[in-house]
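Residue numbers (my numbering): 83 to 470.
Worksheet: the structure to be examined is printed underneath.
Now the structure itself:
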C-alpha cells in the first residue's frame, strides 16, 4: 500500500502552502516521496477519497478541499485525479467531476453504490451547505437532486449503511450538535455573510441569527468594529448595536453582492432512504447532540446481526464567548435493525474519549480481531479493541 497525504492551514500563505504528497511503498517497510507524480494541488485539503473510477485496475482519487487560505467562506475548488497506470496522476476534473468542482466547503466524502448499478457513487458533506450525491454513470459524476439538498448544516462526516435492512443505502450525518450558543432551525437559520465589507482587500465574515424576519449579527460590537472601520465611525452604543439588524448597520447593496451561507439544522441525524431520492430525517439520541460529531463507524458490535454506531468528535477552536464544543466523550449506539438506536453508558460501552477526535476507522489484524482507531487533533491516535 502507498500513502497520500493532504495538508492545510492558515499559518502560511497560499503560494507556500503544503501540497498533497504521495509516498510510494518500496516493499521494504519504508515510503519514498514521489513529488513529481502529482499535478499541483495547493489547498486546505479535507479529504482524499480513493476509488478505481474508470475500472482500469488502478486507484483514482477525489481530493476535496475545505477552504481557501485566509478566505474562509469562499468555496474552494476540488479535484479528481486519474491514475495513469504508472503511478502518475492527471487532473481530469473538468472531464470527470465538473459537477463536483464547486461542491462547497467539503469536510468529508465517501464512495458508495447508492443507485445499485454496480458502480460506486460519490457522497460529499460540507460546512454551511447540504449533503450532496454525485452519480457515477461510468464516464463522469453527475449531481443528483434529492431531498438532502434542503438540509443546510455544519456537516463534518458521513457514513453509509443499510440501517433498516430494506436493501438501500441510508446515511449517518455528523453535525455540530444542539448544545451550542446559537440555535438554528429551518424557520430561523444561522447565516454567514462573506464579503470585503470595508474595501481593504480582504474578506470578512459576519454571522447572523434570524429573528422576526431580520438577520441580527451574532458578534459582539467590539469584534465587528475592530474589523470594520465603517461601523466604528457610526459611534453606536452597545445597546443601540444590539437592536440593529445587518440591513440597518450596512448598506443593503453590500449584501446583494455578498456570499451568503446558512445552517438550518444542527443535530446529528440518520437520513433514511425512502426511495426515489427522498430521505426522511431521524435525529439521534440527545446524548449524541451534546457536541459535534466528526468521526463515525458503523459495525455490529454485539454480534446480534444488527448494525451499531460508534461516534466521536469535539471542536476546541471556538472563541471563548462562543464556548468550545467539548461534551462529546464518545458514543456507542446499539441498533435493533429497524432504525432504533440506544445510547450506551460509558461503563457499559468501554468507549470513553474526551479529546478532539477528527476521524474513526476500524481495522482487522492478522488474527481477525477488530480494532477502532481514533485520530485526535494534536495528540497520538488511540486504539480500542472491539470485543467479539
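The beta-carbon is built from N, C-alpha and C at its ideal position, and this holds for glycine as well.
Collapsed DSSP secondary structure at residue i in the structure displayed
i: residue 170; result: coil
i: residue 341; result: strand
i: residue 334; result: helix
i: residue 322; result: helix
i: residue 103; result: strand
i: residue 328; result: helix
i: residue 284; result: coil
i: residue 66; result: Shown here, the chain extends from 83 to 470; a query on residue 66 therefore has no answer.
i: residue 414; result: strand
i: residue 181; result: helix
i: residue 360; result: strand
i: residue 314; result: helix
Member of the options whose CA lies at the smallest distance from the CA of residue i
i: residue 295; options: 227, 213, 269; result: 269
i: residue 457; options: 318, 190, 377; result: 377
i: residue 349; options: 204, 421, 261; result: 261
i: residue 191; options: 185, 207, 180; result: 207
i: residue 352; options: 255, 386, 405; result: 255
i: residue 138; options: 108, 336, 411, 220; result: 220
i: residue 171; options: 118, 265, 197, 147; result: 118
i: residue 338; options: 175, 355, 205, 328; result: 328
i: residue 440; options: 450, 455, 448; result: 455
i: residue 283; options: 109, 359, 152, 241; result: 152
i: residue 116; options: 127, 144, 84; result: 84
i: residue 403; options: 211, 304, 317; result: 304
i: residue 258; options: 189, 157, 204, 161; result: 189
i: residue 175; options: 299, 160, 167, 186; result: 160
i: residue 232; options: 222, 245, 215, 242; result: 215
i: residue 177; options: 451, 317, 112, 224; result: 224
i: residue 184; options: 202, 158, 205; result: 158
i: residue 243; options: 347, 382, 182, 330; result: 382
i: residue 429; options: 411, 423, 205, 326; result: 411
i: residue 331; options: 298, 359, 340, 341; result: 298
i: residue 345; options: 336, 228, 236; result: 236
i: residue 463; options: 394, 204, 450; result: 394
Any non-hydrogen atom of the ligand NAD within 8 Å of residue i CB
i: residue 199; result: Within the structure as shown, the ligand NAD is missing, as the structure has no ligands at all.
Other residues of its chain near residue i: CB distance less than 8 Å, five sequence neighbours each side excluded
i: residue 384; result: 390, 416
i: residue 141; result: 132, 133, 134, 165
i: residue 286; result: 276, 277, 278, 279, 280, 309, 310
i: residue 387; result: 419
i: residue 301; result: 288, 289
i: residue 369; result: 413, 425
i: residue 316; result: 331
Element boundaries [beta strand (DSSP E), containing residue i]
i: residue 467; result: 464-468
i: residue 162; result: 161-165
i: residue 305; result: First-last for residue 305: 303-309, but that is the alpha helix (DSSP H), not the beta strand (DSSP E).
i: residue 128; result: 126-133
i: residue 226; result: 223-226
i: residue 148; result: 142-149
i: residue 261; result: Neither: residue 261 is in no beta strand (DSSP E) and is coded neither H nor E.
i: residue 425; result: 423-425
i: residue 85; result: 85-87
i: residue 218; result: 214-218
Cβ shell of residue i (< 6 Å), same chain only, five flanking positions each side left out
i: residue 121; result: 173
i: residue 379; result: 392, 442, 444
i: residue 367; result: 425
i: residue 247; result: 419
i: residue 431; result: 414
i: residue 169; result: 119
i: residue 459; result: 438, 440
i: residue 306; result: 313
i: residue 146; result: 128, 129, 160, 188, 191
i: residue 363; result: 351
i: residue 87; result: 103
i: residue 106; result: 84, 114, 116
Beta-ladder partner(s) of residue i, from DSSP
i: residue 444; result: 454
i: residue 380; result: 391
i: residue 236; result: In the DSSP output, where bridge partners are listed per residue, residue 236 has none listed.
i: residue 290; result: 273, 299
i: residue 366; result: Its beta-bridge partners do not exist; DSSP assigns none.
i: residue 351; result: 255, 365
i: residue 439; result: 458
i: residue 190; result: 207
i: residue 115; result: 105
i: residue 397; result: 407
i: residue 241; result: 254
i: residue 375; result: 395
Boundaries of the alpha helix (DSSP H) in which residue i is found, first to last residue
i: residue 429; result: 428-431
i: residue 176; result: 175-178
Neighbourhood of residue i by C-beta distance below 7 Å, restricted to the same chain and skipping five residues each side
i: residue 355; result: 250, 251, 252, 361
i: residue 397; result: 374, 406, 407, 438
i: residue 264; result: 272, 291, 300
i: residue 372; result: 259, 261, 409, 410
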